[in-house]
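Engineer: Have a look at the structure that comes next, please.
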Ligand code: GCB
């Protein structure tokens with residue numbers, strides 16, 4: 001899906017700012033407030049009934065269509081309506097989309113007039129069920145209020161989390177561009193158009209100079225400047241339909257490959273250092289914020305991180321664009337987090353239910369998951385920063401039905417993108433002995449909390465458990481292995497001379513212990529600490545105003561562990577420790 005971009009034939013207006021807002025079954029049934037876009041609505045207001053609302057919320061504003069757009073196709077791009085969006089022009093429902101982290105368009109051409117204004121309403125529903133991605137359950141309490149439960153450890157923020165655009169495209173237009181690169185500068189591309197027509201292709205360098213011309217889906221750049229970790233050089237593929245449309249798609253020349261137990265970028269072994277992150281800030285919730293975007297990337301650079309995982313959902317496109325420009329490596333994850341009912345029974349003591357069954361996560365969940373994979377790859381396939389797809393976080397990959405559930409999804413992802421390796425992050429209960437799906441994937445990404453949830457406060461025991469566990473995976477599967485989560489909750493400002501959980505010293509010692517283990521294991525390709533920053537979660541006795549495993553606080557101040565990471569990562573660069 002092409003991102004709206006201003007070109008000689010396309011225009012766009014960002015509709016961010018204050019919109020009228022209400023919660024309830026329809027816009028007019030609730031009290032009308034004003035809400036910021038982009039932002040989650042939950043933390044904007046003091047009323048708990050809004051924060052904990054389960055169901056529809058409504059955003060409305062008047063929009064004027066530029067008079068110069070007569071004869072063009074006119075669309076509304078919603079970058080993220082979490083989790084289910086409906087777009088109305090006046091009273092007419094124009095588009096509906098389920099999936100809170102991927103964009104969709106509403107074509108309003110036939111309902112609006114250039115030069116005139118119309119009322120744009122966007123409904124957003126935050127309900128998660130057993131057939132949504134991520135999944136959840138709705139119950140109704142004795143007072144008749146809907147309650148949302150879910151298996152994931154971050155607050156179920158909702159709203160218009162990213163920009164909304166009014167944009168125009170010509171009647172005859174380019175609808176998709178796909179770019180594949182080789183290190184010698186050969187570009188294999190394909191384009192789709194709204195009607196059969198010839199498409200001209202030129203490749204421009206970063207200064208706008210034409211460096212190649214395409215024919216029959218191939219172009220060749222002589223002596224290409226590679227996109228590299230730490231140095232994100234971008235070319236633009238300019239596709240045009242003579243006299244009608246022109247669209248510029250940025251891309252980088254780079255390759256990604258798994259060979260033996262190595263993860264190769266441009267043929268060189270790459271060692272991941274960095275974090276699992278979240279889109280999460282005070283007040284804005286999951287709303288995209290360019291100031292935090294810039295600052296977070298500054299902190300990644302400061303701490304020496306070369307990569308991150310978009311745990312646990314696709315992030316705003318601005319984030320990937322920034323990573324492309326600055327050479328930060330990304331593992332791009334779907335929103336399939338919480339496909340694991342054992343976690344629920346572990347936390348609540350409720351009798352375990354099978355995760356994969358027609359009554360729990362069955363064909364309909366898998367169809368939603370397939371849609372999530374399809375939309376992720378459609379949106380992000382041309383980002384050079386994205387080197388791997390993560391299809392899910394912590395599924396019950398040890399349970400009956402896991403293989404049947406995942407095999408078709410892996411096949412789908414490989415059909416949609418034959419070039420990028422696939423991974424998923426394995427939960428603690430899924431061990432090298434009982435996991436049923438790891439052989440379907442290319443890289444073993446392991447989430448473990450030895451020294452935290454297991455062997456709490458006992459780093460010596462934790463070290464033994466960790467090493468045995470990781471070596472077990474390597475031995476059975478013989479694939480590159482990385483740690484996709486390891487972390488300890490830490491209250492900033494709490495100190496101790498002993499190995500006391502929750503202190504800053506403990507977090508630093510906990511990470512140092514992991515690094516000793518990683519450095520002893522051949523075939524180890526990376527370390528992503530959980531988490532970059534503290535983040536908000538749902539209530540519960542396991543969390544004190546959110547998850548505190550951040551190396552930075554929620555307002556991005558470093559805890560002591562940041563220094564431990566900085567020392568290590570800045571000396572490693574992109575290479576495995578010798
Ligand atoms: C996990 C999850 C992550 C949680 C983390 C924790 O395994 O993947 O979403 O936040 O553990 O802190 O418990």
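In UniProt numbering, the protein residues as written are 1 to 578. For glycine and all other residues, C-beta sits at the position ideal for the given N, C-alpha and C.
Could you check the C-alpha separation between residue 16 and residue 319 for me, to the nearest Å?
Structural biologist: C-alpha separation (whole angstroms): 17 Å.
Engineer: So does residue 279 have its beta carbon nearer than 7 Å to some heavy atom of the ligand MG?
Structural biologist: By its list of ligands, the structure shown excludes the ligand MG, since it contains just the ligand GCB.
Engineer: What are the start and end residues of the beta strand (DSSP E) that includes residue 228?
Structural biologist: Unbroken run through residue 228: none, as it is neither H nor E.
Engineer: From residue 503 to residue 488, what distance separates their C-alpha atoms?
Structural biologist: The straight-line gap from Cα to Cα measures roughly 9 Å.
Engineer: For the alpha helix (DSSP H) containing residue 411, name the first residue and the last one.
Structural biologist: Where residue 411 is concerned, the enclosing alpha helix (DSSP H) stretches over 402-416.
Engineer: With burial defined as no fewer than 16 other Cβ atoms inside 10 Å of the residue's Cβ, what is the status of residue 350: buried or exposed?
Structural biologist: It counts as exposed.
Engineer: Could you pull out every residue in the same chain whose Cβ sits closer than 7 Å to the Cβ of residue 365, ignoring the five residues on either side in sequence?
Structural biologist: If we look at residue 365 and ignore the five residues flanking it on each side, its Cβ neighbours are 130, 131, 135.
Engineer: Using a threshold of 7 Å, is the CB atom of residue 487 nearer than that to any non-hydrogen atom of the ligand GCB?
Structural biologist: Yes, the beta carbon of residue 487 sits closer than 7 Å to at least one heavy atom of the ligand GCB.
Engineer: Given this structure, state the Cα-to-Cα distance separating residue 586 from residue 115, to the nearest angstrom.
Structural biologist: Because the chain is modelled from 1 through 578, residue 586 falls outside the range shown and cannot be assessed.
Engineer: Identify whether residue 123 lies in helix, strand or coil by the three-state DSSP scheme.
Structural biologist: Note: residue 123 maps to strand in three-state DSSP.
Engineer: Which full runs of the alpha helix (DSSP H) of 4+ residues lie inside the region 80-144, going along the chain?
Structural biologist: Qualifying alpha helix (DSSP H) stretches: none in this window.
Engineer: Would you please state the rounded distance, in angstroms, between the beta carbons of residue 86 and residue 122? I believe it to be under 8 Å.
Structural biologist: Correct: roughly 7 Å between the Cβ atoms.
Engineer: Under DSSP, the alpha helix (DSSP H) around residue 301 begins and ends at which residues?
Structural biologist: It spans 290-303 - the alpha helix (DSSP H) in which residue 301 sits, taken as one unbroken run.
Engineer: Buried or exposed for residue 575, going by 16 or more other Cβ atoms inside 10 Å?
Structural biologist: Residue 575 comes out exposed.
Engineer: Relative to the C-alpha of residue 124, which residue among 144, 161, 207, 112 is closest?
Structural biologist: Of the candidates 144, 161, 207, 112, the one whose C-alpha sits nearest the C-alpha of residue 124 is 161.
Engineer: Where residue 120 and residue 37 are concerned, what is the direct C-alpha to C-alpha distance, given to the nearest angstrom?
Structural biologist: Rounded to the nearest angstrom, the two C-alpha atoms are 14 Å apart.
Engineer: Quick one: any contact between the region 322-339 and the region 374-389, if contact means 3 or more CB pairs under 8 Å?
Structural biologist: Short answer: they touch.
Engineer: Can you pull the DSSP bridge partners for residue 248?
Structural biologist: Partner(s): 238.
Engineer: According to DSSP, simplified to helix, strand and coil, what is residue 536?
Structural biologist: Coil at residue 536, not helix or strand.
Engineer: Check whether the Cβ of residue 530 lies closer than 7 Å to any heavy atom of the ligand GCB, and answer yes or no.
Structural biologist: True, at least one ligand heavy atom lies under 7 Å from that Cβ.
Engineer: Pull up the CB-CB distance for residue 12 and residue 165, whole angstroms please, since I reckon it's below 8 Å.
Structural biologist: About 5 Å separates the two Cβ atoms, so the contact holds.
Engineer: For residue 504, does the three-state DSSP call read helix, strand or coil?
Structural biologist: Three-state DSSP puts residue 504 in a helix.
Engineer: Mapping the DSSP letters down to three states, classify residue 390 as helix, strand or coil.
Structural biologist: Residue state, collapsed to three classes: strand.
Engineer: Mind checking who residue 167 pairs with in its DSSP beta bridge?
Structural biologist: DSSP output for residue 167 lists 12, 75 as bridge partner(s).
Engineer: When the Cα of residue 283 is compared with those of 542, 277, 159, 238, which residue comes out closest?
Structural biologist: The candidate whose alpha carbon is nearest that of residue 283 is 159.
Engineer: Using 7 Å as the cut-off, classify the Cβ of residue 266 as near or not near the heavy atoms of the ligand GCB, replying yes or no.
Structural biologist: It does not: the Cβ of residue 266 is nowhere closer than 7 Å to a heavy atom of the ligand GCB.
Engineer: Can you tell me which of the three DSSP states residue 68 falls into?
Structural biologist: Note: residue 68 maps to helix in three-state DSSP.
Engineer: Which word fits residue 77, buried or exposed, when buried means at least 16 other C-beta atoms lie within 10 angstroms of its C-beta?
Structural biologist: When all chains shown are included, residue 77 counts as buried.
Engineer: Ignore the nearest five residues each way along the sequence and tell me which others in residue 146's own chain have a CB closer than 7 Å to its CB.
Structural biologist: Only 54, 55, 138, 140 meet the Cβ criterion.
Engineer: Report whether the distance from the Cβ of residue 549 to the nearest heavy atom of the ligand GCB is below 7 Å.
Structural biologist: Yes, since a heavy atom of the ligand GCB falls inside the 7 Å radius drawn around the Cβ of residue 549.
Engineer: Under a Cβ-count criterion, where at least 16 other Cβ atoms within 10 Å of its own Cβ denotes burial, should residue 298 be classed as buried or exposed?
Structural biologist: With fewer than 16 other Cβ atoms within 10 Å, it is exposed.
Engineer: Is residue 244 near the ligand GCB, going by C-beta to nearest heavy atom under 7 Å?
Structural biologist: It does not: the Cβ of residue 244 is nowhere closer than 7 Å to a heavy atom of the ligand GCB.
Engineer: Just verifying my parser: in three-state terms, what is the DSSP assignment at residue 1?
Structural biologist: The answer is coil: DSSP assigns residue 1 none of H, G, I, E or B.
Engineer: Is the closest heavy atom of the ligand GCB to the C-beta of residue 394 under 7 Å?
Structural biologist: Flag set: Cβ of residue 394 near the ligand GCB.
Engineer: In whole angstroms, what separates the C-alpha of residue 438 from that of residue 419?
Structural biologist: C-alpha separation (whole angstroms): 19 Å.
Engineer: Return the first residue and the last residue of the beta strand (DSSP E) that residue 258 is part of.
Structural biologist: Note, residue 258: beta strand (DSSP E), 256-259.
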